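Below is one structure, written out as structure tokens, with a few remarks after it.
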Amino acid sequence: MIVFDRQLNEPIVQNTEIDGFLLHLQNEKKETVIKEKEEAGLHIYSIGDVEMILNNDDDTKDNTPGTPINHHQDPLSPALDTTSLMYENVLSSGKPSKSKLITPFSKRTDKFVVKFSINTVPKVEKAENDEDDVLTRVPLHERCSLSIHRSGPKPGCRFLYDRTEDRLNAIENRLRKYTRAFVASGLYEEPTDPTTASQRSIFAVGMICCDGEGRLNEKSVMLQSSIEHSGGECVRLDLQRLSHYSIFPGQIVGIGGHNPSGHCFVASKLVDSIPTYIANEDSNPAKKQAVDKENQPTDLLCKERELSMIIAAGPFTTTDNLLFEPLIALLTHAKLRPPQLLVLLGPFVDSEHPDIKKGTVDRSFDEIFEEILKKLEEYVDSATRVVLVPSIRDANHDFVFPQPALDMKSQIVSLSNPGIFEANKVKVGCCTVDILKQISGEEISRTAADGKPIDRLSRLANHILNQQSFYPLYPPAEGVPLDFSLAPEALQLSSIPDILILPSDIKYFVKVLSSENEGINHTKCIAVNPGRLAKGEGGGTFVELDYCGGSDQINASVVGI
């Protein structure tokens with residue numbers, strides 16, 4: 001009864017959970033019948049043979065159907081005969097397939113169409129003609145250097161053992177750290193207790209929170225200050241006098257105003273950008289680990305701060321099968337147009353995939369992931385490096401955030417989630433939790449009547465930079481297993497990266513962001529949302545990015561797979 005090992009939480013087996021068992025019985029019966037017929041020397045007709053006869057297929061010149069031969073093929077192989085798989089699915093399940101001959105993904109017409117681009121550097125490379133009329137082959141780049149910032153939890157660590165005390169300490173430490181940053185900037189006065197009645201104007205630092213369990217609104221905004229300044233108490237926040245703002249629960253802000261009654265703090269100024277903290281993790285070499293000694297970032301091996309990348313985020317297969325056709329198409333594209341770095345962000349084995357949710361797959365999650373790795377290892381060559389970032393939706397990995405790197409014995413590099421690495425001295429930050437969509441669902445904002453129109457996608461991405469945190473939202477969104485006892489420093493973004501990769505379900509984008517610290521030179525960052533490589537039964541998008549020394553010297557394209 002191997003199929004019942006599904007970690008069922010209830011003693012009653014549902015219809016969806018029995019599908020896997022029925023599929024196993026049907027496959028076993030089919031294989032037994034085929035084996036008996038072959039031993040007896042009898043001819044076996046498949047469903048495909050019958051359909052070709054009934055439909056008078058034009059491609060069949062001989063009226064006698066050929067005998068099918070059952071060869072085992074790698075489900076990630078580009079040469080996989082999807083038609084035979086469809087027919088086998090009909091035989092095993094007894095249900096007609098949605099696509100009888102080819103998958104919806106293989107029928108797509110807009111292959112590798114550029115949907116959005118930014119070009120600030122003229123392209124000097126000349127492409128060589130190729131037989132493929134869609135793709136062209138380009139010259140190889142030099143191999144890039146690569147070093148990983150090891151601040152996340154280690155593979156195999158214990159998780160989800162955090163206590164209420166851990167959560168309180170994490171919030172208090174964050175409040176104290178950012179309070180020191182406001183004072184150290186020299187732009188603001190010493191913060192005081194915002195809960196104390198005062199007629200004079202004061203400055204306070206606190207965290208935005210909601211007075212109930214519902215969604216934040218203008219009437220339910222509260223400010224929680226640190227234990228050091230107010231004993232951790234909250235006070236209602238009046239934002240009526242502010243011409244513009246953008247706030248969400250968990251956001252650390254500086255507030256100027258007064259509290260005439262002791263019950264409500266009337267804000268006259270709101271600072272939602274934390275001044276750049278003095279301490280920088282780059283000064284601690286113990287937190288950085290070079291992937292290989294012969295590829296240290298030196299001018300002899302690579303051009304400093306120049307990097308070509310392909311960035312793609314999962315799911316990497318369509319919802320109607322587990323053939324990983326979008327991933328195969330991406331690797332084919334990457335072979336013809338090889339970047340220095342291929343960054344793939346999970347989920348790889350998506351727990352939200354219909355077949356995985358129903359438990360109808362006949363392989364373990366680890367086996368599916370090993371097949372993906374095998375295909376990636378075939379792609380890796382001397383010029384291109386591959387970096388993988390896991391997701392909390394990966395069925396084969398730890399369901400916790402922050403998330404340890406994938407435990408792999410491979411030349412492919414895995415990053416923690418969130419994670420930071422440097423390639424050719426270009427600093428890149430990644431986080432696969434959909435923080436943009438989650439902040440979008442909790443944020444409230446007001447735009448100045450005489451102000452310039454604000455790009456909402458840029459504003460959402462700027463929250464990550466301004467809060468110096470990969471996940472500034474608190475309480476966390478439903479379904480995010482945030483563990484405060486597990487490497488809380490992994491969530492910190494102590495310095496602004498050159499490139500910030502934030503895959504999301506919201507619309508793809510490539511934007512140049514600027515930090516909004518007052519009185520400080522603005523540091524620019526390229527924010528990238530590559531979209532999803534697979535969307536439903538069709539293809540999605542990925543990003544090609546050429547970084548040529550600075551945020552104002554890039555060529556970037558969002559490409560449909």
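Straight run, no breaks: the sequence shown in full-length UniProt numbering ends on number 561. Ideal Cβ positions, reconstructed from N, Cα and C, are used throughout, including at glycine. Everything numeric in this text was worked out from a predicted model, so none of it was measured.
If we ignore side chains and look at the alpha-carbon of each, how far apart do residue i and residue j end up?
{"i": "isoleucine 392", "j": "phenylalanine 401", "result": "7 Å"}
{"i": "glycine 550", "j": "glycine 262", "result": "49 Å"}
{"i": "lysine 374", "j": "isoleucine 274", "result": "44 Å"}
{"i": "valine 380", "j": "alanine 405", "result": "19 Å"}
{"i": "lysine 437", "j": "alanine 449", "result": "26 Å"}
{"i": "glutamate 325", "j": "threonine 32", "result": "31 Å"}
{"i": "leucine 146", "j": "leucine 388", "result": "13 Å"}
{"i": "phenylalanine 399", "j": "aspartate 366", "result": "15 Å"}
{"i": "tyrosine 501", "j": "proline 194", "result": "According to the sequence displayed, residue 501 carries isoleucine and not tyrosine. The alpha-carbon atoms of isoleucine 501 and proline 194 are separated by roughly 36 Å."}
{"i": "isoleucine 227", "j": "glycine 254", "result": "16 Å"}
{"i": "leucine 493", "j": "leucine 25", "result": "52 Å"}
{"i": "tyrosine 508", "j": "isoleucine 464", "result": "17 Å"}
{"i": "glutamine 553", "j": "proline 481", "result": "38 Å"}
{"i": "glutamine 296", "j": "isoleucine 148", "result": "Summary for glutamine 296: the model assigns pLDDT 45, below 50, so the residue's position carries little reliability; its value from the coordinates is reported in the next sentence. Whole-angstrom Cα-Cα distance: 12 Å."}
{"i": "phenylalanine 21", "j": "threonine 319", "result": "21 Å"}
{"i": "alanine 461", "j": "glutamine 411", "result": "32 Å"}
{"i": "glutamine 240", "j": "alanine 267", "result": "8 Å"}
{"i": "leucine 513", "j": "glutamate 28", "result": "57 Å"}
{"i": "asparagine 169", "j": "histidine 229", "result": "15 Å"}
{"i": "serine 440", "j": "methionine 408", "result": "34 Å"}
{"i": "glutamate 455", "j": "leucine 23", "result": "Reading off the sequence shown, one finds aspartate at residue 455, where the question assumed glutamate. Their backbone Cα atoms lie some 50 Å apart in a straight line."}
{"i": "serine 485", "j": "arginine 108", "result": "46 Å"}
{"i": "alanine 204", "j": "alanine 527", "result": "30 Å"}
{"i": "valine 50", "j": "histidine 353", "result": "Residue placement at valine 50 is flagged as unreliable, the pLDDT there being 43, under the threshold of 50; the coordinate-derived value follows with that caveat. In a straight line, the C-alpha of valine 50 is about 32 Å away from that of histidine 353."}
What is the residue span of the alpha helix (DSSP H) that residue i lies within?
{"i": "phenylalanine 355", "result": "At residue 355 the sequence reads aspartate, which differs from the phenylalanine that was named. Run containing aspartate 355: 354-358, per the alpha helix (DSSP H) assignment."}
{"i": "glutamate 478", "result": "Counting along the chain, glutamate 478 falls outside any alpha helix (DSSP H), and DSSP gives it neither H nor E."}
{"i": "serine 440", "result": "435-442"}
{"i": "serine 230", "result": "227-230"}
{"i": "histidine 333", "result": "325-336"}
{"i": "glutamate 367", "result": "365-379"}
{"i": "serine 458", "result": "456-467"}
On the criterion of 16 or more Cβ atoms from any shown chain inside 10 Å, does residue i qualify as buried, or is it exposed?
{"i": "threonine 541", "result": "buried"}
{"i": "tyrosine 474", "result": "buried"}
{"i": "aspartate 394", "result": "buried"}
{"i": "tyrosine 161", "result": "exposed"}
{"i": "glycine 536", "result": "exposed"}
{"i": "histidine 244", "result": "exposed"}
{"i": "lysine 293", "result": "Low confidence applies to lysine 293: its pLDDT is 42, below 50, so where it sits in the model is not reliable, and the reading given next is rough at best. So lysine 293 counts as exposed."}
{"i": "glutamate 422", "result": "buried"}
{"i": "asparagine 529", "result": "buried"}
{"i": "asparagine 396", "result": "buried"}
{"i": "threonine 317", "result": "buried"}
{"i": "threonine 164", "result": "exposed"}
{"i": "cysteine 157", "result": "exposed"}
{"i": "cysteine 209", "result": "buried"}
{"i": "asparagine 63", "result": "Reliability of the predicted coordinates at asparagine 63 is poor, the pLDDT of 40 falling under 50, and the value obtained from them is presented with this limitation in mind. It is exposed - the Cβ of asparagine 63 has fewer than 16 other Cβ atoms within 10 Å."}
{"i": "alanine 184", "result": "exposed"}
{"i": "glycine 186", "result": "exposed"}
{"i": "proline 453", "result": "exposed"}
{"i": "arginine 215", "result": "exposed"}
Who pairs with residue i in a beta bridge, going by DSSP?
{"i": "threonine 164", "result": "Threonine 164 pairs with nothing; no bridge assigned."}
{"i": "serine 246", "result": "Ser445"}
{"i": "leucine 406", "result": "The partner list for leucine 406 (beta bridge, DSSP) is empty, contrary to what the question assumes."}
{"i": "asparagine 417", "result": "Gln403"}
{"i": "glutamate 489", "result": "Bridge partners of glutamate 489: none, in fact."}
{"i": "valine 512", "result": "Ile526"}
{"i": "cysteine 234", "result": "Gln224"}
{"i": "lysine 535", "result": "Gly538"}
Along the chain, where does the beta strand (DSSP E) containing residue i start, and where does it finish?
{"i": "methionine 207", "result": "198-210"}
{"i": "glutamate 306", "result": "306-313"}
{"i": "cysteine 430", "result": "426-430"}
{"i": "serine 117", "result": "114-119"}
{"i": "glycine 257", "result": "252-259"}
{"i": "cysteine 144", "result": "It is not in any beta strand (DSSP E) - cysteine 144 carries neither H nor E in the DSSP assignment."}
{"i": "aspartate 505", "result": "Taken as a continuous stretch (DSSP letters only), aspartate 505 belongs to no beta strand (DSSP E), as it is neither H nor E."}
{"i": "leucine 270", "result": "264-271"}
{"i": "residue 592", "result": "Here the chain covers residues 1 to 561 and nothing more, so residue 592 does not appear."}
{"i": "glycine 214", "result": "Here glycine 214 belongs to no beta strand (DSSP E), and DSSP marks it neither H nor E."}
{"i": "threonine 541", "result": "541-550"}
{"i": "serine 557", "result": "553-560"}
{"i": "valine 361", "result": "Counting along the chain, valine 361 falls outside any beta strand (DSSP E), and DSSP gives it neither H nor E."}
Can you find a C-beta in chain C that's less than 7 Å from the C-beta of residue i?
{"i": "leucine 239", "result": "No chain C appears in this structure, which consists of one protein chain only."}
Cβ pair count under 8 Å reaching 3, the region 192-201 against the region 251-269 = yes
request  = Give a yes or no on contact between the region 351-365 and the region 334-341, applying the rule of three or more CB pairs nearer than 8 Å.
outcome  = no
task = Evaluate the contact criterion for the region 428-437 versus the region 408-419: three or more CB pairs, one atom per stretch, below 8 Å.
result = yes
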